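What follows is a single structure, written as structure tokens, with notes after it.
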Amino acid sequence: MGKVVKIPSKPTAYGTGLIALDIVISSNPEVPTRQWAGGTCGNVLTILSYLGWNAYPIARLNNEPSSVHAKHDLQRWKVCQDFVEMEPVASIPVITQENTTDGNGQPRHRFHWKNCPKCGSWLPNYKPVTLKAVETLKESVSTADIFFFDRTSPGALEMARHFKSIGSAIFFEPSAKGDPKHFREAIALSDIIKYSDQRFSDVITRDIEEHRPALEIQTLGGNGLRFRSRRQKNWAHLPAHKAIDMVDSSGCGDWTTAGIINNLFSKDSHALGKLKKDEIQDAMHYGQALGAWNCGFEGARGGMYQMTFKAFEEDIRAILKGGAYRPRNKSKQDYLESASDGLCPACPTV
């Protein structure tokens, strides 16, 4: 039998999917390269922990340097690591984000998934949690407010079935299409689905009519988002908050997701079906405010390393009041804690 997780006083989220080591190269040559835990699932759960949740990523991280670095970063943000080393363990995916500016001085970023841009070595691929490992998890976990997943696999779907059986809300945010059969089952299991209109609208539209979730959220890039609930079938559109100083858009969707989850479920995980349109809209606005705030920093969670939590809360209140938001001056002291001489695990250090 696995260990029994006690019922906590704080809301609890479990999640599986892309948990990676992010290597962030600044557009400013004076700022050192940083290494942080990342990936869609990794970011969402780390942000939830930052917001006061008990957050449990479910992954297969081994004890190679890249995995250890990511685990240290998760520990820094008090992310629970009871299930990050599910057997068989494997190398953590490594994603390099290269930030630059274009000819007009506008920020741009490029992701390197397959090869290190410095030494050319192959970077590890994502490996999902196995069905056998999920059986161990099911013996250990009997309560949770929400289960989040961003990639489909037999193991992820079995986790979704388990968490649904114990009363958890299921949040699916696809980051890859994967097997069509798995994708359809993920939609059928989910209470909330959030997806990009450009990348997934055709796939979702085809399958969602048969299994309409309690809440469907479609992101529209710079045009904000729209949502509809099972009770209110017409789309409601919300424009994006304005961010004057756009530094980097990466990770803004993850902040939006975490903000929506925090607003909807921090008090009552069973309230989703009872929520009115204005209550859902408030959650969307809050999530969008977190996404707008994140635009002021390089990296998917860069602001967490440069601002105090008190300053973060003050900034979010300012964004929610309306109008354009300009981030305050930032500190670079925390950058040094995550600085890296090389880029990928194979890079020679200087």
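Quick note on the numbering used here: the sequence shown kicks off at 666 and runs consecutively.
Just so you know, even glycine gets a beta-carbon here, dropped at the ideal spot from N, CA and C.
Because the structure is a prediction, the values reported are computed rather than measured.
Taking Cβ positions, are D767 and R773 nearer each other than 7 Å?
The residue labelled residue 767 in the question sits at position 102 within the sequence shown. The residue labelled residue 773 in the question sits at position 108 within the sequence shown. Yes.
CA-to-CA distance, E823 to D747, given in whole angstroms:
Within the sequence shown, residue 747 is the residue found at index 82, counting from 1. Within the sequence shown, residue 823 is the residue found at index 158, counting from 1. Separation of D747 and E823 (C-alpha to C-alpha, rounded to the nearest whole angstrom) is 19 Å.
Which of helix, strand or coil does DSSP assign to Q946?
Along the sequence shown, read from residue 1 onward, the residue named residue 946 stands at position 281. Q946: helix per DSSP, three-state reduction.
Quick check on this structure: which residue in P694, E800, S818 has the alpha carbon closest to the alpha carbon of R849?
Counting from 1 along the sequence shown, the entry for residue 849 is found at position 184. Of P694, E800, S818, the residue nearest in Cα terms is S818.
Would DSSP call F962 helix, strand or coil?
Within the sequence shown, the letter at position 297 stands for residue 962. For F962, the three-state secondary structure derived from DSSP is coil.
I'd like to confirm the pairing. Which residues does DSSP put opposite V709 in its beta bridges?
Here residue 709 refers to the residue found at position 44 when the sequence shown is read from its first residue. The bridge partners DSSP lists for V709 come to none.
Is there at least one Cβ from chain D nearer than 7 Å to A905's Cβ?
The question asks about chain D, but that chain is absent: this structure has only one protein chain.
Where do the N-terminal and C-terminal ends of the beta strand (DSSP E) with N693 fall, by residue?
Position 28 of the sequence shown holds residue 693. Neither: N693 is in no beta strand (DSSP E) and is coded neither H nor E.
When DSSP labels each residue in this structure, what does G956 get in the three-state scheme?
Along the sequence shown, read from residue 1 onward, the residue named residue 956 stands at position 291. G956 falls in the helix class under three-state DSSP.
I852 by DSSP, collapsed to three states: which one?
Numbered from 1 along the sequence shown, position 187 holds the residue referred to as residue 852. Helix.
Between the segment 704-718 and the segment 735-743, do at least 3 Cβ pairs fall closer than 8 Å?
yes
In chain order, what residues of the same chain lie with their CB nearer than 8 Å to the CB of G887, ignoring the 5 residues before and after it?
Numbered from 1 along the sequence shown, position 222 holds the residue referred to as residue 887. Excluding positions up to five away in sequence, the list reads A905.
DSSP three-state label for G667, please.
Translated into the one-based positions of the sequence shown, residue 667 becomes position 2. Reliability of the predicted coordinates at G667 is poor, the pLDDT of 44 falling under 50, and the value obtained from them is presented with this limitation in mind. Note: G667 maps to coil in three-state DSSP.
Please report how far the alpha carbon of G916 lies from the alpha carbon of R699, in whole angstroms.
Numbered from 1 along the sequence shown, position 251 holds the residue referred to as residue 916. Numbered from 1 along the sequence shown, position 34 holds the residue referred to as residue 699. Rounded to whole angstroms, G916 to R699 spans 15 Å at the Cα level.
Beta-bridge partners of D687, as assigned by DSSP
Working through the sequence shown from its first residue, we reach residue 687 at position 22. Beta-bridge partners of D687 (DSSP): W701, I760.
Hey, out of I945, D910, H737, whose CA is closest to N727's CA?
Position 62 of the sequence shown, counting from 1, holds the residue named residue 727. Considering only alpha carbons, the answer is H737.
In three-state DSSP terms, what is K997?
As a position in the sequence shown, residue 997 is number 332, starting the count at 1. Legend: pLDDT at K997 = 49, less than 50; position of this residue unreliable, no value from coordinates given.
Range covered by the alpha helix (DSSP H) that runs through N927:
Taking the first residue of the sequence shown as position 1, residue 927 is located at position 262. Where N927 is concerned, the enclosing alpha helix (DSSP H) stretches over 917-930.
Rounded straight-line distance, which links the Cα of S692 to that of V669:
One-based indexing of the sequence shown puts residue 669 at position 4. One-based indexing of the sequence shown puts residue 692 at position 27. Because the pLDDT of V669 is 46, which lies under 50, any placement of that residue in the model is unreliable, and the number read from its coordinates should be weighed accordingly. Looking at the two C-alpha atoms, the distance is approximately 46 Å.
W701 classed as buried or exposed, judged by whether at least 16 other C-beta atoms fall within 10 angstroms
In the sequence shown, residue 701 corresponds to position 36, counting from 1. Buried, by the Cβ-count rule.
If you draw a straight line from the alpha carbon of E729 to that of Y679, how long is it in whole angstroms?
Walking along the sequence shown from the start, residue 729 turns up at place 64. Walking along the sequence shown from the start, residue 679 turns up at place 14. Roughly 24 Å between the two C-alpha positions.
Unbroken alpha helix (DSSP H) run spanning H737, endpoints:
Residue 737 sits at position 72 when you count from the first residue of the sequence shown. It spans 730-741 - the alpha helix (DSSP H) in which H737 sits, taken as one unbroken run.
Using the C-alpha atoms, what's the distance from S756 back to H1017?
Beyond the ends of the chain as shown, which are 666 and 1015, falls residue 1017; an answer cannot be given.
Please report the distance separating the alpha-carbon of V799 from that of E750.
By one-based count along the sequence shown, residue 799 stands at place 134. By one-based count along the sequence shown, residue 750 stands at place 85. About 12 Å.
Have a look at E963 and G918 and give me their C-alpha separation to the nearest angstrom.
The residue you call residue 963 lines up with position 298 of the sequence shown. The residue you call residue 918 lines up with position 253 of the sequence shown. Rounded to the nearest angstrom, the two C-alpha atoms are 14 Å apart.
Output the distance between the C-alpha atoms of F812 and G820, rounded to the nearest integer angstrom.
As a position in the sequence shown, residue 812 is number 147, starting the count at 1. As a position in the sequence shown, residue 820 is number 155, starting the count at 1. Each residue's alpha carbon lies about 13 Å from the other.
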